[in-house]
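Notes for the one structure printed next.
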Amino acid sequence: MRLNDVKPQKGSKKRRRRVARGISAGQGASAGLGMRGQKSRSGSGTRPGFEGGQQPLYRRLPKLKGFPIVNRKIYTTINVEKLASLPANTEVTLTSLEAAGIITGAKGPLKILGNGELSVPLKVQAAAFTGTARSKIEAAGGSCEVL
4 MRLNDVKPQK GSKKRRRRVA RGISAGQGAS AGLGMRGQKS RSGSGTRPGF EGGQQPLYRR
64 LPKLKGFPIV NRKIYTTINV EKLASLPANT EVTLTSLEAA GIITGAKGPL KILGNGELSV
124 PLKVQAAAFT GTARSKIEAA GGSCEVL
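First residue of the sequence shown: 4, per this note's numbering; consecutive thereafter.
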């Protein structure tokens with residue numbers, strides 16, 4: 004067997020369809036696209052998701068990304084590792100953190116996040132705690148109070 008003996012299998016190669024080349028070609032006149040209308044014209048037609056000018060489905064359903072949460076809660080967040088520099092048994096609130104210079108410019112109520120380690124016991128008063136933050140504060144001997 005040689006390279007010049009290699010041929011594609013019989014029936015695997017089809018000739019391309021020659022449309023709009025006369026009636027004898029089999030796809031003459033309207034080229035298999037029907038009589039009239041937008042889909043029979045040259046060009047790409049309509050884009051995916053186009054519904055003829057009607058409000059399309061992806062704009063009718065406000066559930067995925069791109070839709071703002073109407074009354075979203077905005078918190079001032081701080082990690083547990085930032086609280087580790089405070090002295091033991093300190094009462095931690097939003098105002099005390101601003102006074103200590105740990106937080107600059109509060110955007111809303113205080114939320115404590117659980118990144119980092121904490122070894123000093125603190126009395127933390129905040130609007131919200133994550134589960135890991137609460138467990139780390141209580142493991143260090145401190146207390147969590149939700150305002």
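Where a beta carbon is used, it is the ideal one built from N, C-alpha and C, also for glycine.
- [ ] Compare the beta carbon distance of residue 86 and residue 97 with 8 Å and say whether it is the shorter of the two.
- [x] Within the sequence shown, the letter at position 83 stands for residue 86. Within the sequence shown, the letter at position 94 stands for residue 97. Contact flag unset, no.
Open item on the list: Under 8 Å: do the stretch 113-129 and the stretch 139-148 share three or more Cβ pairs, one atom per stretch?
Closed with: Taking 8 Å as the limit for Cβ pairs, the verdict is that the stretch 139-148 does touch the stretch 113-129.
Task: Coarse secondary structure for residue 140, derived from DSSP in three states - done: As a working note, residue 140 is residue 137 in the sequence shown. Note: residue 140 maps to helix in three-state DSSP.
Open item on the list: Under 8 Å, with one C-beta from each stretch per pair, do the stretch 73-88 and the stretch 38-51 reach the 3-pair mark?
Closed with: The stretch 73-88 makes no contact with the stretch 38-51; the number of CB pairs closer than 8 Å stays below 3.
TODO: Sort out for me which residues DSSP pairs residue 149 with in a bridge.
DONE: Along the sequence shown, one-based indexing puts residue 149 at 146. Bridge partners of residue 149: 129.
Open item on the list: Using C-beta distances below 7 Å, list every residue in its chain close to residue 61, excluding the 5 sequence neighbours before and after it, in chain order.
Closed with: Counting from one through the sequence shown, the residue named residue 61 turns up at place 58. Annotation for residue 61: 52 place their beta carbon closer than 7 Å to its own, counting only its chain and skipping 5 residues before and after.
Task: residue 115, DSSP secondary structure in three states - done: As a working mapping, residue 115 is identified with position 112 in the sequence shown. Taken through DSSP and simplified to helix, strand or coil, residue 115 comes out as strand.
- [ ] Sort 147, 34 and 115 by Cα distance to residue 82 and report the nearest one.
- [x] Locating residue 82 in the sequence shown gives position 79, where the first residue counts as 1. Ranking the options by Cα distance to residue 82, first place goes to 115.
TODO: Leaving aside the five residues before and after residue 41 along the sequence, list all residues of the same chain whose C-beta is less than 8 Å from its C-beta, in chain order.
DONE: For the purposes of this step, residue 41 is taken as the residue at position 38 of the sequence shown. So the qualifying residues of the chain are 48 and 49.
Task: Buried or exposed (CB count within 10 angstroms, at least 16 for buried), residue 145 - done: Start at 1 with the first residue of the sequence shown, and residue 145 comes out as number 142. Buried is the label assigned to residue 145, since at least 16 other Cβ atoms lie within 10 Å of its Cβ.
Task: Best match in 77, 29 and 149 for proximity to residue 130 [C-alpha to C-alpha] - done: Indexing the sequence shown from 1 puts residue 130 at position 127. From the listed residues 77, 29 and 149, the smallest Cα separation to residue 130 is found for 149.
Task: Assigned exposure category for residue 132 - 16 Cβ within 10 Å defines buried - done: Here residue 132 refers to the residue found at position 129 of the sequence shown. It is buried - the Cβ of residue 132 has at least 16 other Cβ atoms within 10 Å.
- [ ] Note the first and the last residue of the continuous alpha helix (DSSP H) segment covering residue 98.
- [x] Taking the first residue of the sequence shown as position 1, residue 98 is located at position 95. Where residue 98 is concerned, the enclosing alpha helix (DSSP H) stretches over 97-103.
TODO: Within its chain, find whatever has a CB closer than 6 Å to the CB of residue 23; leave out the 5 residues flanking it on each side and keep chain order.
DONE: In the sequence shown, the residue the question calls residue 23 occupies position 20. Once the five neighbours on either side are set aside, the close Cβ partners of residue 23 are 34.
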